[in-house]
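Colleague: One structure is given below, represented as structure tokens, and several questions about it will come after.
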Amino acid sequence: GYYRFVNRFSGKALDVWEWSTADGGRISQYDDLNGWNQQFRLVPADGGGNPQPPGGLEGWATRNGGTTGGAGGATVTVSSASQLDAALTSTATQTIRVSGTISWSGMHRVGSNKTIIGVGSGATIAGGGLNLNGSHNVIIRNLTFRDWDDDAINIQEGSTNIWVDHNTFTNGYDGAVDIKRESDYITVSWNRFYNHGKTMLLGHSDNHTADIGHLRVSYHHNWFDGTGSRHPRVRFGNPVHVYNNYYYNNDYGVASTMNAGVLVEGNYFENVDDPTHVGYGSSDPGSLVARNNHFVGSGTPETAGSTASIPYSYHLDSASSVKSIVTAGAGAGRI
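Heads up, the sequence shown is in the UniProt record's numbering, so the first residue is 1 and it goes up one at a time.
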């Protein structure tokens, strides 16, 4: 993200004078107008050092003690499948910087207390996926996932405090981000999904009642760009919070099944015949509350029942602005 530096005494902001891009351009203080010439990005000078907990996190991943990933641990940079595997399975708290394209196959285990972050705008994991199996406190950011042969990211077996943010997913076999088997306290934000079918499953199966009381997930500011279904498809979780996402040309948007409780608010649906379903396929219905959404060329949402209350504070953008906000900011290379 970007930051402004505002002086405590004057109340004025650090300002690149006249929007200069030249070496030696003048920097001074000026009225705080939140202009782009008053916004600065903090870049580590030594490969990262000991990272601080990231800003911008909202939703369920802020609960249960919060999610900090590899903050406070060492930073390593990897550029091959073997290096990445070794870093992912290490027991150490680490920030793992992924450089270039790493090609592999199958699912690869991710340990706890990790931040996995792409370097620059082109960091890519191709062919295989990440398996969070009972993992805790993991952040995955700024990566492109493509051509995966199973899932791109699979979160299961009681994994908690996971943040999946500012990634791009395209052209995979099964789920892009699947969450199941008693996992909890998760935020999926600012990702772009395109050229793909089954996007995000939440809940393993209709018979897996152990998921009751878990699967609390927030989905916000994601861009579902022509993807087929499961945005998400929910079983049992309550409350699941789906807000400020942009849906474009999808088979359907959100499905609430098996007594789940889903709050769908402030989203932008464009060319989506079925924005929401209550029940789906052979799955029994859940509850779904839809409010303050924006519809363009789309059908009427199905709603039913009520949901548990949302326990955290969050910023809600106007639904009519979500398309422009999300298309400008979602996906890898935009943090």
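No residue lacks a Cβ here, since even glycine has one placed at the ideal position from N, Cα and C.
Taking C-beta to C-beta, are Val-240 and Thr-276 nearer than 8 Å?
Modeller: No, the Cβ-Cβ distance between Val-240 and Thr-276 is not below 8 Å.
Colleague: In three-state DSSP terms, what is Thr-67?
Modeller: DSSP places Thr-67 in coil when its eight states are reduced to three.
Colleague: Name the two residues that bound the continuous alpha helix (DSSP H) containing Thr-89.
Modeller: It spans 81-89 - the alpha helix (DSSP H) in which Thr-89 sits, taken as one unbroken run.
Colleague: Decide yes or no for the touch test of the segment 214-233 against the segment 187-201: beta carbon pairs closer than 8 Å, at least 3 of them.
Modeller: Yes, they touch.
Colleague: Do Asn-259 and Gly-286 have their C-beta atoms closer together than 8 Å?
Modeller: Cβ atoms of Asn-259 and Gly-286: closer than 8 Å.
Colleague: Residue range of the beta strand (DSSP E) that Thr-62 falls in?
Modeller: No beta strand (DSSP E) holds Thr-62; DSSP gives it neither H nor E.
Colleague: What residue from Asn-167, Gly-172, Asn-161 has the CA that sits closest to Ile-179's CA?
Modeller: Residue Asn-161 is the option with its Cα nearest to Ile-179.
Colleague: Compute the beta-carbon to beta-carbon distance between Asn-154 and Met-200, rounded to the nearest angstrom, for a pair I have assumed lies under 8 Å.
Modeller: At roughly 11 Å, the Cβ-Cβ gap does not stay under 8 Å, so Asn-154 and Met-200 are not in contact.
Colleague: Taking the C-alpha atoms as reference points, what is the distance between Tyr-30 and Glu-18?
Modeller: Going by the C-alpha atoms only, they are around 11 Å apart.
Colleague: For Asp-174 and Ala-22, what's the separation of their Cα atoms in angstroms?
Modeller: If I take the Cα positions, the gap works out to 48 Å.
Colleague: Could you spell out the range, first to last residue, of the beta strand (DSSP E) harbouring Ser-28?
Modeller: Note, Ser-28: beta strand (DSSP E), 27-30.
Colleague: If we count the other Cβ atoms within 10 Å of its Cβ and call it buried at 16 or more, is Arg-27 buried or exposed?
Modeller: Checking the sequence, you will find Ile at residue 27 rather than Arg. Counting Cβ neighbours within 10 Å, Ile-27 comes out exposed, since fewer than 16 surround it.
Colleague: Could you spell out the range, first to last residue, of the beta strand (DSSP E) harbouring Val-272?
Modeller: Element bounds for Val-272: n/a, residue is neither H nor E.
Colleague: Flag this pair as touching only if the segment 57-64 and the segment 78-88 have three or more C-beta atom pairs under 8 Å; answer yes or no.
Modeller: At 8 Å Cβ cutoff, the stretches do not touch.
Colleague: In its own chain, which residues sit with a C-beta less than 6 Å from the C-beta of Ala-74, not counting the 5 before and 5 after it?
Modeller: Here the set comprises Gln-94.
Colleague: Relative to the C-alpha of Leu-33, which candidate in Val-16, Gly-25, Tyr-314, Ile-96 has its C-alpha closest?
Modeller: Among Val-16, Gly-25, Tyr-314, Ile-96, the Cα nearest to that of Leu-33 belongs to Val-16.
Colleague: Would DSSP call Glu-265 helix, strand or coil?
Modeller: DSSP places Glu-265 in strand when its eight states are reduced to three.
Colleague: To which residues does DSSP link Tyr-219 through a beta bridge?
Modeller: Partner(s): Val-188, Val-242.
Colleague: Could you give the distance in angstroms between the alpha-carbon of Pro-301 and the alpha-carbon of His-214?
Modeller: Roughly 25 Å separates the two Cα atoms.
Colleague: Using the DSSP secondary-structure output, state which residues sit across from Gly-128 in a beta bridge.
Modeller: In the DSSP output, where bridge partners are listed per residue, Gly-128 has Gly-106.
Colleague: Three-state secondary structure (DSSP) at Pro-51?
Modeller: In this prediction, Pro-51 has a pLDDT of 39, which is less than 50 and means its spatial position is unreliable; nothing more can be read from the coordinates.
Colleague: Could you tell me which residues DSSP puts in a beta bridge with Tyr-247?
Modeller: Answer by DSSP bridge pairing, in chain order: Phe-224, Phe-269.
Colleague: Around the Cβ of Ser-10, are there at least 16 other Cβ atoms within 10 angstroms (buried) or fewer (exposed)?
Modeller: It is exposed - the Cβ of Ser-10 has fewer than 16 other Cβ atoms within 10 Å.
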